[in-house]
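Enquirer: All residue numbers for the sequence shown refer to this note's numbering, where the first residue is 112 and numbers rise by one.
Glycine included, C-beta positions come from ideal geometry on N, C-alpha and C.
Please read these numbers as outputs of a predicted model, since none were measured by experiment.
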Amino acid sequence: MEPESLWVKVIKSIHSNQRKVEAIPFKKSLTGVWKNIGDIEKDFIKNSININTSLRSKVRIGDKTLFCGIQFPNLYQLANKKRASVLENYRILNGGRLWEWAWLSALSSTEDKQQIDNLMERLQHQVLPQNNDVWVWKNFEQQEFSVRNVKLSLGQNLDLNLPPNMFTWNNWATSKSVAFVWRAIEEKVPTAVALTGRCMNLPDVLCKTCGATEETAQHILIECNFAKRVWEAITDWLKIPMVNTERTVAEWLSELLDLQRIRKIRKVIHAVVIEAMWILWKTRNEKVFSGRQGVLQTVIEEVKEASFQEGLKQRSKYGAISRSEWWDFNLSM
Ligand SMILES: [Zn+2]
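1. Taking the alpha-carbon of L379 as reference, which of D223, K428, L391, A305 has the nearest alpha-carbon?
2. Going by beta carbon distance, what residues of the same chain come within less than 7 Å of L370, once the five residues before and after it are set aside?
3. Could you have a look at W214 and say whether DSSP puts it in helix, strand or coil?
4. In chain order, what residues of the same chain lie with their CB nearer than 6 Å to the CB of T346, ignoring the 5 residues before and after it?
5. Hey, quick one: how far does the alpha helix (DSSP H) through V406 stretch, first residue to last?
6. Roughly how many angstroms separate the alpha carbons of K398 and V406, rounded to a whole number?
7. Measuring CA to CA, which of Q226, I331, A217 is closest to E298?
8. Quick one, which of D439, L442, R426 has its alpha-carbon nearest A284's?
9. Hey, could you find the ends of the alpha helix (DSSP H) L442 is sitting in?
10. Please report the straight-line C-alpha distance between I373 and W280, rounded to a whole angstrom.
11. Using only the heavy atoms of ligand 1, determine whether one of them is closer than 8 Å to the beta carbon of N336.
12. State yes or no: is the C-beta of I380 nearer than 8 Å to some heavy atom of ligand 1?
13. Is R374 helix, strand or coil by DSSP?
14. Per DSSP, what are the beta-bridge partners of L446 in this structure?
15. Quick one, are the C-beta atoms of G422 and E386 less than 9 Å apart?
16. Alpha carbon to alpha carbon, how far is T359 from E326? Give it in angstroms, no decimals.
17. Could you tell me whether any Cβ in chain C is nearer than 9 Å to the Cβ of T346?
18. Residues in its own chain within less than 7 Å of I296 by CB, not counting five upstream and five downstream?
19. Can you say whether S433 is buried or exposed, counting buried as having 16 or more other CB atoms within 10 angstroms of its CB?
20. Among the candidates T221, F419, I227, whose CA atom is the shortest distance from the CA of Y80?
21. When DSSP labels each residue in this structure, what does A303 get in the three-state scheme?
22. Please classify D439: is it buried, with 16 or more other beta-carbons within 10 angstroms of its beta-carbon, or exposed?
23. Going by C-alpha to C-alpha distance, which of Q420, T221, K192 sits closest to W214?
24. Name the DSSP beta bridge partners of A190, please?
25. Roughly how many whole angstroms lie between the Cα atoms of A190 and W212?
26. Can the beta-carbon of V341 be found less than 9 Å from the beta-carbon of V289?
27. By DSSP's criteria, R202 is part of a beta bridge. Which residues make up the other side?
28. Taking only heavy atoms of ligand 1 into account, decide whether any of them is closer than 8 Å to the Cβ of G405.
29. Just to confirm the assignment, what range does the alpha helix (DSSP H) spanning L368 have?
30. Check whether the Cβ of T320 lies closer than 8 Å to any heavy atom of ligand 1, and answer yes or no.
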């Protein structure tokens, strides 16, 4: 579970609901909750439950909730403490709330002033009860978050999600690669574009591999020149036609698989593609964090090896397949 935004979207729903302000949780104050979530993460994945839409904070005194810079970019830039909680930004004076902002320098431009006016305007309309923030789970808003409630909601088969993720689980691929692709389909992996959406300030959002366009999951996994070359080699190995890469991850996956008539082969190909996406992501991380450029041949070898050793051999009906059969993609058994 990666840390969430620096300033959380407190302001988002102030207008819609004065008492139940929603915000995305941030990691630091949530150790217990995140640990609990880690324990049941597999259930989330299997049930396609979106943690971001299901777990919410209720802001009360604001001790566990941060402000977000998205709607107030100037204020965020000027804020002295970018990780300050709501609580740290006000004190109670004569029964009223006195907002105290610590700025790095005075708010001077017209835009700065407009933003602070907007922010204050919104905060004035909000009533904060005087007890600690709590984390709540969708459909159990009256109680504090607990693993028990989550399990109950799973048992009740409640619809916890926004539009359902079309991704099909594949138990012939490693679970970390499946979990990754599941999140990538919804652009929920920490690409440059996704991080910017979470209020992180990045110098640029371009793909570090090609530098040609914005770095989204769709770009890294399908559209990037490097990814295209990987897919050309892999489809060649799998003896299937290459699919047009101007697609979302979900569309691309289903188009590729729709071409396969035989169910077992389709499942094998699906597992390979999932593993390959995971390796493309790891290759991207090597480039971003260590500056090491991915090498096409290494990536292809790694895909074949991982899908053979960790995937097919251990998990599928093709456990008896030999290395040379796999390298030739000869599944005629
Ligand atoms: Zn690229």
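Expert: On the basis of the coordinates in this document:
1. Numbered from 1 along the sequence shown, position 268 holds the residue referred to as residue 379. Leu is not the amino acid found at residue 379; the sequence shown has Val there. Comparing Cα positions, the closest option is K428.
2. Walking along the sequence shown from the start, residue 370 turns up at place 259. Hits under 7 Å: I351, P352.
3. Mapped onto the sequence shown, residue 214 falls at position 103. The answer is strand: DSSP assigns W214 an E or B state.
4. Translated into the one-based positions of the sequence shown, residue 346 becomes position 235. Here the set comprises M353.
5. Here the question's residue 406 lines up with position 295 in the sequence shown. Unbroken run through V406: none, as it is neither H nor E.
6. Position 287 of the sequence shown holds residue 398. Position 295 of the sequence shown holds residue 406. Computed Cα separation, rounded: 11 Å.
7. In the sequence shown, counting from the first residue as 1, residue 298 sits at position 187. When each option's Cα is compared against that of E298, the closest is I331.
8. Within the sequence shown, numbered from 1, the residue matching residue 284 stands at position 173. Among D439, L442, R426, the Cα nearest to that of A284 is on R426.
9. For the purposes of this step, residue 442 is identified with residue 331 of the sequence shown, where counting begins at 1. L442 -> no alpha helix (DSSP H), and no H or E assigned at all.
10. Position 262 of the sequence shown holds residue 373. Position 169 of the sequence shown holds residue 280. About 18 Å.
11. Counting from 1 along the sequence shown, the entry for residue 336 is found at position 225. Within the cutoff, so yes.
12. Translated into positions along the sequence shown, residue 380 becomes position 269. No - ligand 1 has no heavy atom lying nearer than 8 Å to the Cβ of I380.
13. By 1-based counting over the sequence shown, the position of residue 374 is 263. R374: helix per DSSP, three-state reduction.
14. Outside the shown range of the chain (112 to 444) lies residue 446, about which nothing can therefore be said.
15. If you number the sequence shown from 1, residue 422 lands on position 311. If you number the sequence shown from 1, residue 386 lands on position 275. Yes, the pair counts as a contact, with Cβ atoms nearer than the cut-off.
16. Locating residue 326 in the sequence shown gives position 215, where the first residue counts as 1. Locating residue 359 in the sequence shown gives position 248, where the first residue counts as 1. Rounded to whole angstroms, E326 to T359 spans 13 Å at the Cα level.
17. Considering every chain present, this structure includes no chain C. It has just one protein chain.
18. Counted from its first residue, the sequence shown places residue 296 at position 185. N276, F278, V360, A361.
19. In the sequence shown, counting from the first residue as 1, residue 433 sits at position 322. Classification for S433: exposed.
20. Any property of residue 80 remains undetermined from this structure, which presents the chain solely from 112 to 444.
21. Translated into positions along the sequence shown, residue 303 becomes position 192. Helix.
22. Taking the first residue of the sequence shown as 1, we reach residue 439 at position 328. Exposed: under 16 other Cβ atoms inside 10 Å.
23. In the sequence shown, residue 214 corresponds to position 103, counting from 1. Nearest neighbour of W214 by Cα position, chosen from Q420, T221, K192, turns out to be K192.
24. Start at 1 with the first residue of the sequence shown, and residue 190 comes out as number 79. Per DSSP, W214.
25. The sequence position of residue 190 within the sequence shown is 79, counting from 1. The sequence position of residue 212 within the sequence shown is 101, counting from 1. Roughly 7 Å between the two C-alpha positions.
26. For this step, residue 341 is matched to residue 230 along the sequence shown. For this step, residue 289 is matched to residue 178 along the sequence shown. Going by C-beta atoms, V341 is not nearer than 9 Å to V289.
27. Here residue 202 corresponds to residue number 91 of the sequence shown, with the count starting at 1. For R202, which the question treats as bridged, DSSP gives the partners L209.
28. By one-based count along the sequence shown, residue 405 stands at place 294. Not under cutoff, so the answer is no.
29. Working through the sequence shown from its first residue, we reach residue 368 at position 257. Looking at the DSSP string, the run of the alpha helix (DSSP H) that includes L368 is 360-369.
30. As a first step, residue 320 is located in the sequence shown; it is residue number 209 there, counting from the start. Because some heavy atom of ligand 1 lies under 8 Å away, the Cβ of T320 counts as near it: yes.
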